Structures are given as C-alpha cells and as structure tokens.
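Peer 1: Okay, handing you the structure first.
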Amino acid sequence: MVDAEVGPSPDAPPALDVQAATRTVTTASHSSRHRAPTTVPPLPSRRAPGAGWPKSTAGRPARTWQARPMTVVARAPGRVNLIGEHTDTTGGLVLPMAIDRRTVVEIERGGSTLHLVSDDEPDAAVVALGSSVPPAEVHPVWARYVAGVVEVLRPAVGGRGRVRTDVPIGAGLSSSAALEVAVALALGFEGTPIELARACQSAEQVASGVPCGIMDQLASAAGVEGHALLVDCHTLDVEPVQIPDGLRIVVVDSGQRRALATSEYGARRAQCEAAEAAIGPLRSATVADVERIADAVLRRRARHVVTENERVRAAVAALREGAVDELGSLLVDGHRSLRNDFEVSTAVLDELVEALCRRPGVHGARLTGAGFGGCCVALLDADAEVPDLGVRSWVVRPSAGASVVQAPT
Numbered sequence: 119m120v121d122a123e124v125g126p127s128p129d130a131p132p133a134l135d136v137q138a139a140t141r142t143v144t145t146a147s148h149s150s151r152h153r154a155p156t157t158v159p160p161l162p163s164r165r166a167p168g169a170g171w172p173k174s175t176a177g178r179p180a181r182t183w184q185a186r187p188m189t190v191v192a193r194a195p196g197r198v199n200l201i202g203e204h205t206d207t208t209g210g211l212v213l214p215m216a217i218d219r220r221t222v223v224e225i226e227r228g229g230s231t232l233h234l235v236s237d238d239e240p241d242a243a244v245v246a247l248g249s250s251v252p253p254a255e256v257h258p259v260w261a262r263y264v265a266g267v268v269e270v271l272r273p274a275v276g277g278r279g280r281v282r283t284d285v286p287i288g289a290g291l292s293s294s295a296a297l298e299v300a301v302a303l304a305l306g307f308e309g310t311p312i313e314l315a316r317a318c319q320s321a322e323q324v325a326s327g328v329p330c331g332i333m334d335q336l337a338s339a340a341g342v343e344g345h346a347l348l349v350d351c352h353t354l355d356v357e358p359v360q361i362p363d364g365l366r367i368v369v370v371d372s373g374q375r376r377a378l379a380t381s382e383y384g385a386r387r388a389q390c391e392a393a394e395a396a397i398g399p400l401r402s403a404t405v406a407d408v409e410r411i412a413d414a415v416l417r418r419r420a421r422h423v424v425t426e427n428e429r430v431r432a433a434v435a436a437l438r439e440g441a442v443d444e445l446g447s448l449l450v451d452g453h454r455s456l457r458n459d460f461e462v463s464t465a466v467l468d469e470l471v472e473a474l475c476r477r478p479g480v481h482g483a484r485l486t487g488a489g490f491g492g493c494c495v496a497l498l499d500a501d502a503e504v505p506d507l508g509v510r511s512w513v514v515r516p517s518a519g520a521s522v523v524q525a526p527t
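To convert a position in the sequence shown, counted from 1, into my numbering, add 118.
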C-alpha cells in the first residue's frame, strides 16, 4: 500500500455525528508527578447502553456488534515521533503525534472470513475466523497485520471490504499501526483508546514477531488535533502538548527501506533488558547508574534510553515555552545518541540530518521511527521553504486519532 490519497469523495457517505463528550484520562507531570485530569477525545464508536468497556488482549475476545450484515467505515492516522525513540519498550517517555495521513478501512460485515482488498497491494488479505494459521505465516505480508487483529479480537463475523491509505509504507510513520487500528474499529472494537492500543500492539507482535512497544498504536488511537502526546509508557498516562502555530513539521524520506523483523530491533530490546537486570528500570535510572554497567555495549544502550527520557522532558518544556531553537537542538542531540549509543542510524540518515540542519529556517532534525532506514523529522519555521533534497517529503500536521466515520444505526 503506497501513497494513495485518502479523503472524503463526493459519493462517500457523510460522517456520522458521533459522541461529542470528552473522556478524562489520568495524566502525570514527569517532573513533579503531580496528577491532573486531561481530556482526550474518546473513540467515537457506539456501544449498547450499559455495556462495560471490554479488555481486548490476546486470548480474550473483544466486544463486537451483533452478527448481522452492515457496512462500517473506520479510519486511523499514522504518526511521527518527535522525540523519545526506543524508550517505550522500557516504560519510558515518548512524544509522538498523530498525523494528517490516514488509513481508511471499509467493511461490509458478514460471513466467517475477512476478505480485504487494498488499492496499493496486488493480492487480497483473506483471513478465516478461527484459523489455526499463525498470523506471522499469512500471505501476502500485509495480510499478517489483518490476521493479527482477527486473532486478538476474535470477532463474531468477518466481512468483505477495501483498504485505502496515504500513510507512506515502510517509512517509519506507523503504517502497520494505522492499518491495525482501522481494521479493529471496522470489526466492531469498543473500548478506550488505551485498550484499543493494547489490542493492536498484541496484533502487531503476533503478526511481525517483533516485540514492539505501544507507542505507535496509542498515538494512532488517542491523537489530539493540534497536539503531540506526552506518553508515559509505564503508566500509560497521556498528556496532550500543544504544537505552536509557528512551527512546521516536515517528514523527509531517506529512500532507504527498512524491516523491523530483520533490523536488530529485537536485539536492542534484549540489550536494554540486560541493562535493566544490572541497574534496575531504565525509566528511573540516572546517567550515574548507567556508568556502573560493566559491558560497554549495554552501557551505551542504557545511556541512550536514560538521556532520551531526559530529552523528552526537556522537549515538552521547550514546546510550552515556545523555545523552538532549544527543541531543535534536542532533536539533533537525540539523533547523535541514536547514532552513537543505540546504533540504529545509517550513513544515509546521518547525511540527510546534516543536510536538513544546514538549510535556512530549519531548527533541527533527527531520524524518526526504529531506524535502519526510513524517515527523518525536521522542525521548520512556519514560513520556511521545505528543503528540496531530491527525495520525498511531507508537511504533516498534528491530528485527531482514530474514529468510526460510518457505523451501524
């Protein structure tokens, strides 16, 4: 699936007038740990009066709408992570934002098989409900993420439908998370954004075999218009942080494709776990604690995580103060750490970051996503010219999270 524009068409069904109320999510200030309520838009899905929110994790079915033919349209955005890379798997801090590029899934519900075609893939995803085939062995490859959602949610009925997306595939903008979240909602998932993210995280893990964190799915599910999300990946506290009007966020594709399953992602996670075995949770460790790690490789991995958590806190403060130069410097520092300590950058990404930072009006840049290829994110003045480096780039805006745009009545 690559770069098919998604948007309302003249013959598309109108969006439903969904629930306008807001939901309170417990949040935390990570400097003082003072808790304050923060409103985050709920998932605009419909549930039966009095129905409780289901827990949707692998091994337990999620609540779905009754097994009768119906057409459901759901959409979910991709995300860009501004800062806080490779910290979510150790319960650290991240600062992603949902972007105005989305995956739309339309399903006519019914039957015992889920059959989806994509505008950007030659082969359909065909997943039998209750299949014994592990999602990671399903073909074509994109169907594995669909199969992962089916395995985790265990919907009562399948359906036939279509997938459209303008989230670039394989660029580090969470195209797989957007697909999972949209499919889950179209299959009738009902629950909070955090429950939806947990379910889709499990789906990604069984589909890819990669022990991914929750950031991608949570950013897609819980995005807030005009804001990034400060997420504590240990408590799952979510705090929207406003993006200043004078800041333009540009994602630039390195052209270097990556695949998490073959990119040593699992090895990095195992190294972080080994570091934690030596000094305790990295989310609460200090640089002084890190220096006590005897193994040089583990010490570098831990140093990145600990200093990256500090950079996230500093980035939130910079955003609130409108200190865009400071924010840009933090991104550059984060890239150096990803290059030198976590060792997930490449020569192509390094050169792209340097080229971006030399351009007028660019405050800073870094790789975004897991690394080993993919994209860089750059912070520009609102009136700055988007650098033309001969590669694909997109100006992205902080957007709302996933929603059901056509639901059964």
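Just so it is clear, CB atoms sit at the ideal spot from N, CA and C, and this is done for glycine as well. All of these numbers come straight from a predicted model, not from anything done at the bench.
#1: For residue 193, which option in 427, 287, 199, 339 has the closest C-alpha, if you only look at C-alpha atoms?
#2: What's the C-alpha gap between residue 501 and residue 363?
#3: Could you check the C-alpha separation between residue 67 and residue 436 for me, to the nearest Å?
#4: Between the Cα of residue 356 and the Cα atoms of 448, 395, 446, 213, which residue gives the shortest distance?
#5: Excluding the five sequence neighbours on either side, which residues of its own chain have a C-beta within less than 7 Å of the C-beta of residue 410, listed in chain order?
#6: Hey, how far is the Cα of residue 368 from the Cα of residue 238?
#7: CB-CB under 7 Å to residue 494, same chain, minus the five flanking residues each way: which ones, in chain order?
#8: Considering just the uninterrupted stretch of the beta strand (DSSP E) at residue 360, what are its terminal residues?
#9: Measure the CB-CB distance between residue 266 and residue 325 and report whether it falls below 7 Å.
#10: Once you ignore the five residues that flank residue 416 on each side, which residues in its own chain have a CB closer than 6 Å to its CB?
#11: Starting from the Cα of residue 429, find the closest Cα among 513, 191, 201, 312 and give me that residue.
#12: Check this for me: beta carbons of residue 81 and residue 354, under 7 Å apart or not?
#13: Taking residue 345 as part of the beta strand (DSSP E), name the residues at either end of that continuous run.
#14: To the nearest angstrom, report how far apart residue 451 and residue 329 are at their CA atoms.
#15: With DSSP collapsed to three states, give me the class of residue 499.
#16: Is residue 221 near residue 285, with beta carbons less than 7 Å apart?
#17: For a test of the three-state rule: what should DSSP assign to residue 206, helix, strand or coil?
#18: Below 8 Å on the Cβ atoms is my guess for residue 425 versus residue 402; work out the distance and round it to an integer in Å.
#19: Identify every run of the beta strand (DSSP E) within the stretch 232-270, keeping only runs that are complete inside it and at least 3 residues long; order them along the chain.
#20: Taking Cβ positions, are residue 297 and residue 307 nearer each other than 7 Å?
#21: Rank 481, 508, 463 by C-alpha distance to the C-alpha of residue 489 and give the top, closest one.
#22: Buried or exposed: residue 341, going by 16 or more other Cβ atoms within 10 Å of its Cβ?
#23: Give a yes or no on whether 7 Å exceeds the smallest Cβ distance from residue 331 to chain B.
#24: Please report how far the alpha carbon of residue 521 lies from the alpha carbon of residue 406, in whole angstroms.
#25: Residue 524 to residue 189, Cα distance in whole Å?
#26: I need the DSSP call for residue 311, collapsed to helix, strand or coil.
Peer 2: Inspection of the coordinates gives the following:
#1: 339
#2: 11 Å
#3: What the structure shows of the chain is the stretch from 119 to 527, and residue 67 is not part of that stretch, so it cannot be assessed.
#4: 213
#5: 397
#6: 24 Å
#7: 370, 372, 467, 470, 471, 474, 483, 484, 485, 486
#8: 356-360
#9: yes
#10: 389, 392, 393
#11: 201
#12: Outside the displayed range of the chain (119 to 527) lies residue 81, so it cannot be described from this structure.
#13: 345-350
#14: 26 Å
#15: strand
#16: yes
#17: helix
#18: Not confirmed; about 14 Å, so no contact.
#19: 243-246
#20: no
#21: 463
#22: buried
#23: No chain B is part of this structure, which consists of one protein chain only.
#24: 44 Å
#25: 8 Å
#26: helix
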